[in-house]
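Enquirer: Residues in the sequence shown are numbered consecutively from 5, following the working numbering. Built from N, CA and C at the ideal position, the CB exists for glycine as well.
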Amino acid sequence: MKAPWKSILQVERDQNDDEVCPIHTGDRNMFLRKRAWTACKVVKYLETALMILLATDRIGGRVQSVNLGHATFELGATWIHGSHGNPVYHLAEDNGLLEETTDGERSVGRISLYSKNGVAYHLTNNGQRIPKDVVEEFSDLYNEVYNLTQEFFQRGKPVNAESQNSVGVFTRSVVRKRIKADPDDSEAIKKLKLAMIQQYLKVESCESSSHSMDEVSLSEFGEWTEIPGAHHIIPCGFIKIVEILARSIPESVTQLRKPVKCIHWNQSVSKEIERVADHNSDSTEEDKGCNVFVECEDCEFIPADHVIVTVSLGVLKKHHKSMFHPRLPEEKVMAIEKLGISTTDKIFLEFEEPFWSPECNSIQFVWEDEAESESLTYPEELWYKKICSFDVLYPPERYGHVLSGWICGEEALIMEKYDDETVAETCTEMLRKFTGNPNIPKPRRILRSSWGSNPRFRGSYSYTQVGSSGVDVEKLAKPLPYTESSKTTPMQVMFSGEATHRKYYSTTHGALLSGQREAAHLIEMYQDLLTCRN
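Here is the structure:
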């Protein structure tokens with residue numbers, strides 16, 4: 005098949021930021037003769053040369069809103085993180101998506117709950133609730149140490165060898181020392197607080213999408229930047245943001261169920277590929293001379309001038325050797341290998357009636373036998389111990405009586421292997437154990453995510469792993485070929501997606517801004533070409 009362009013091709017194994025987008029500029033001589041074109045006209049022209057390839061059967065990628073009854077549940081992105089200057093917030097606000105967002109669904113500061121209303125219940129595996137004042141004292145201490153973890157990057161503080169440059173190792177060590185040195189607490193209270201360390205680190209791991217906070221770089225942790233303003237939930241579904249962005253894209257541009265096998269760049273198309281292209285009845289010599297060919301799994305070869313790759317970091321880790329020909333430069337491969345991505349999954353449980361009190365906004369699981377634990381890795385049969393909490397979805401008038409559980413890391417992958425019945429039964433037994441209520445019924449329905457085992461994603465979102473830094477993020481984002489080492493056409497293969505944004509990795513606004521960044525690079529390049537031609 006001959007594309008009606010020589011294209012910008014957006015390649016996606018799939019995600020909101022998980023695709024391949026080829027762009028072909030057509031007759032480039034004709035393009036350059038358009039002397040009076042403004043930037044707006046350049047944009048409009050490039051839009052006509054666009055194709056988006058998605059491997060899955062839907063748009064949105066790691067934004068996945070599921071409608072059950074009258075409610076919308078988010079298997080992926082849930083929160084708009086910050087409002088001041090956040091392009092996702094402004095899209096939602098300008099399009100009326102936040103009109104039904106309740107005060108309880110707006111949160112200022114660090115968040116992990118669906119509602120700021122009410123009280124988090126910290127329960128032990130012995131069926132006891134930890135007193136509220138003990139929780140508040142520990143929370144204050146933990147947050148104080150959390151703020152210290154930010155200073156290593158933000159203030160350039162040196163990291164000592166004892167911390168192993170690990171957020172988890174540093175946090176556990178400092179918090180434990182302060183708890184044990186407190187003369188006012190009894191040994192029983194100290195034991196409870198020591199056990200709470202692991203529970204808080206599990207929550208932190210879910211937020212970071214790391215297997216353990218031990219794997220998150222202490223020296224780089226503070227570079228992630230929080231946008232000021234409240235965090236918001238979109239009651240009608242986060243997918244509405246994706247649909248708004250897709251409105252201006254003709255349906256013919258997007259191809260679903262079109263997985264990409266390999267991106268042949270820098271005019272590396274072999275004679276075998278040209279031979280296959282010759283079998284396409286409407287192929288041309290110009291197609292064969294393209295800088296890039298995108299080879300799809302259905303054996304189609306699509307010519308392109310530019311390809312924007314937004315597959316997840318997890319997909320790059322697994323497939324970078326086979327996905328690019330020639331192979332990626334060594335420094336980009338090293339960046340891919342050093343940066344981290346893991347799995348954060350949600351488990352929604354719907355009950356006929358609430359067994360929790362009206363003031364309870366979450367159930368936090370504190371295992372007392374973990375007071376002196378160093379590791380957050382469990383044997384396969386104990387995978388459920390990595391579930392850090394269940395949040396109460398609020399308001400019940402919208403969601404019904406639903407709890408949302410959180411699990412991350414290798415244990416999330418184990419959870420994904422089991423069937424719904426087994427996971428529902430295991431979670432119910434946990435709730436009975438920690439609440440001390442043996443009569444809690446099984447949920448009437450379960451819904452859960454499976455980002456880790458999905459071959460199109462292979463994880464939830466990225467983080468700066470021990471041994472990596474923001475420099476690796478920039479190396480991952482750097483277009484190919486490298487202009488300083490090549491005289492060939494620049495920006496043949498470009499990279500965007502949340503993992504390529506140095507300050508906002510792991511967020512939807514980071515993904516959106518990274519896409520806008522790459523689009524701006526292309527617009528600037530063609531404006532420069534026009535200027536030189538004129």
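Ignore the nearest five residues each way along the sequence and tell me which others in arginine 449's own chain have a CB closer than 6 Å to its CB.
Expert: Locating residue 449 in the sequence shown gives position 445, counting from the first residue. So the qualifying residues of the chain are Glu354.
Enquirer: Measure the alpha-carbon distance for glutamate 247 versus glutamate 401 and round it to whole angstroms.
Expert: Translated into positions along the sequence shown, residue 247 becomes position 243. Translated into positions along the sequence shown, residue 401 becomes position 397. Rounded to whole angstroms, glutamate 247 to glutamate 401 spans 26 Å at the Cα level.
Enquirer: Tell me, which residues are paired with glutamine 259 by DSSP?
Expert: Translated into the one-based positions of the sequence shown, residue 259 becomes position 255. Leu57.
Enquirer: Note down the Cα distance separating threonine 432 from arginine 460, rounded to an integer number of angstroms.
Expert: Mapped onto the sequence shown, residue 432 falls at position 428. Mapped onto the sequence shown, residue 460 falls at position 456. Roughly 31 Å between the two C-alpha positions.
Enquirer: If you measure between the beta carbons of glutamate 522 and asparagine 129, is that distance less than 8 Å?
Expert: Position 518 of the sequence shown, counted from the first residue, corresponds to residue 522. Position 125 of the sequence shown, counted from the first residue, corresponds to residue 129. Going by C-beta atoms, glutamate 522 is not nearer than 8 Å to asparagine 129.
Enquirer: Pick helix, strand or coil for glutamate 528, following the three-state DSSP scheme.
Expert: Working through the sequence shown from its first residue, we reach residue 528 at position 524. DSSP, read as helix, strand or coil, puts glutamate 528 in helix.
Enquirer: With C-beta atoms as the reference, is serine 408 less than 8 Å away from phenylalanine 352?
Expert: For the purposes of this step, residue 408 is taken as residue 404 along the sequence shown, with counting starting at 1. For the purposes of this step, residue 352 is taken as residue 348 along the sequence shown, with counting starting at 1. Yes, the pair counts as a contact, with Cβ atoms nearer than the cut-off.
Enquirer: Which residue comes first and which comes last in the beta strand (DSSP E) that contains proline 307?
Expert: Taking the first residue of the sequence shown as 1, we reach residue 307 at position 303. Note, proline 307: beta strand (DSSP E), 305 to 313.
Enquirer: Helix, strand or coil: which one does DSSP assign to threonine 535?
Expert: Position 531 of the sequence shown, counted from the start, is the residue given in the question as residue 535. Under the three-state reduction of DSSP output, threonine 535 falls in the helix class.
Enquirer: Quick one: using the 10 Å Cβ neighbour count with 16 as the cut-off for buried, is tyrosine 486 buried or exposed?
Expert: Counting from 1 along the sequence shown, the entry for residue 486 is found at position 482. By the Cβ neighbour-count rule, tyrosine 486 is exposed, with fewer than 16 other Cβ atoms within 10 Å of its own.
Enquirer: Please report the Cβ distance between histidine 215 and serine 346, rounded to the nearest whole angstrom; I am assuming they are in contact, meaning their Cβ atoms lie under 8 Å.
Expert: Indexing the sequence shown from 1 puts residue 215 at position 211. Indexing the sequence shown from 1 puts residue 346 at position 342. Yes, they are in contact, since the Cβ atoms of histidine 215 and serine 346 sit about 5 Å apart, within 8 Å.
Enquirer: So for cysteine 240, helix, strand or coil by DSSP?
Expert: Taking the sequence shown and counting its residues from 1, one reaches residue 240 at position 236. Correct three-state label for cysteine 240: coil.
Enquirer: Do serine 366 and arginine 462 have their C-beta atoms within less than 8 Å of each other?
Expert: Within the sequence shown, numbered from 1, the residue matching residue 366 stands at position 362. Within the sequence shown, numbered from 1, the residue matching residue 462 stands at position 458. No; because the gap between Cβ atoms is not below 8 Å, this pair is not in contact.
Enquirer: Would arginine 62 be called buried (16 or more neighbouring beta carbons within 10 Å of its own) or exposed?
Expert: Locating residue 62 in the sequence shown gives position 58, counting from the first residue. Per the 10 Å Cβ criterion, exposed.
Enquirer: Along the chain, where does the beta strand (DSSP E) containing threonine 76 start, and where does it finish?
Expert: Position 72 of the sequence shown, counted from the first residue, corresponds to residue 76. DSSP places threonine 76 inside the beta strand (DSSP E), whose first and last residues are 75 to 78.
Enquirer: For aspartate 349, which residues from the same chain have a beta carbon less than 8 Å from its beta carbon, with the 5 sequence-adjacent residues on both sides left out?
Expert: For the purposes of this step, residue 349 is identified with residue 345 of the sequence shown, where counting begins at 1. Excluding sequence neighbours, aspartate 349 sits near Trp410, Ile411, Cys412, Ala416, Met419, Glu420, Arg452, Ser453, Ser454, Trp455, Gly456 and Ser464.
Enquirer: Would you mind stating whether histidine 85 and histidine 513 have Cβ atoms separated by less than 8 Å?
Expert: Your numbering for residue 85 matches position 81 in the sequence shown. Your numbering for residue 513 matches position 509 in the sequence shown. Inclusion of histidine 85 and histidine 513 in the CB contact set at 8 Å is warranted, their separation being smaller than that value.
Enquirer: Please state if the CB of alanine 234 and the CB of serine 87 are separated by a distance shorter than 8 Å.
Expert: As a working mapping, residue 87 is identified with position 83 in the sequence shown. As a working mapping, residue 234 is identified with position 230 in the sequence shown. Yes, Cβ-Cβ distance for serine 87 and alanine 234 is below 8 Å.
Enquirer: Looking at leucine 343: is its Cβ nearer than 8 Å to the Cβ of glutamine 469?
Expert: Working through the sequence shown from its first residue, we reach residue 343 at position 339. Working through the sequence shown from its first residue, we reach residue 469 at position 465. Closer than 8 Å, so yes.
Enquirer: Decide if isoleucine 253 is buried, meaning its Cβ has at least 16 other Cβ atoms within 10 Å, or exposed.
Expert: In the sequence shown, counting from the first residue as 1, residue 253 sits at position 249. Exposed, because fewer than 16 other Cβ atoms sit within 10 Å of the Cβ of isoleucine 253.
Enquirer: Would serine 500 be called buried (16 or more neighbouring beta carbons within 10 Å of its own) or exposed?
Expert: As a first step, residue 500 is located in the sequence shown; it is residue number 496 there, counting from the start. Label assigned to serine 500: buried.
Enquirer: Could you check the C-alpha separation between glycine 172 and valine 220 for me, to the nearest Å?
Expert: What you label residue 172 is simply residue 168 of the sequence shown in a count that begins at 1. What you label residue 220 is simply residue 216 of the sequence shown in a count that begins at 1. Straight across, the Cα-Cα distance linking glycine 172 with valine 220 is about 7 Å.
Enquirer: So for tryptophan 371, helix, strand or coil by DSSP?
Expert: Translated into the one-based positions of the sequence shown, residue 371 becomes position 367. In the three-state DSSP reduction, tryptophan 371 falls in the coil class, being neither helix nor strand.
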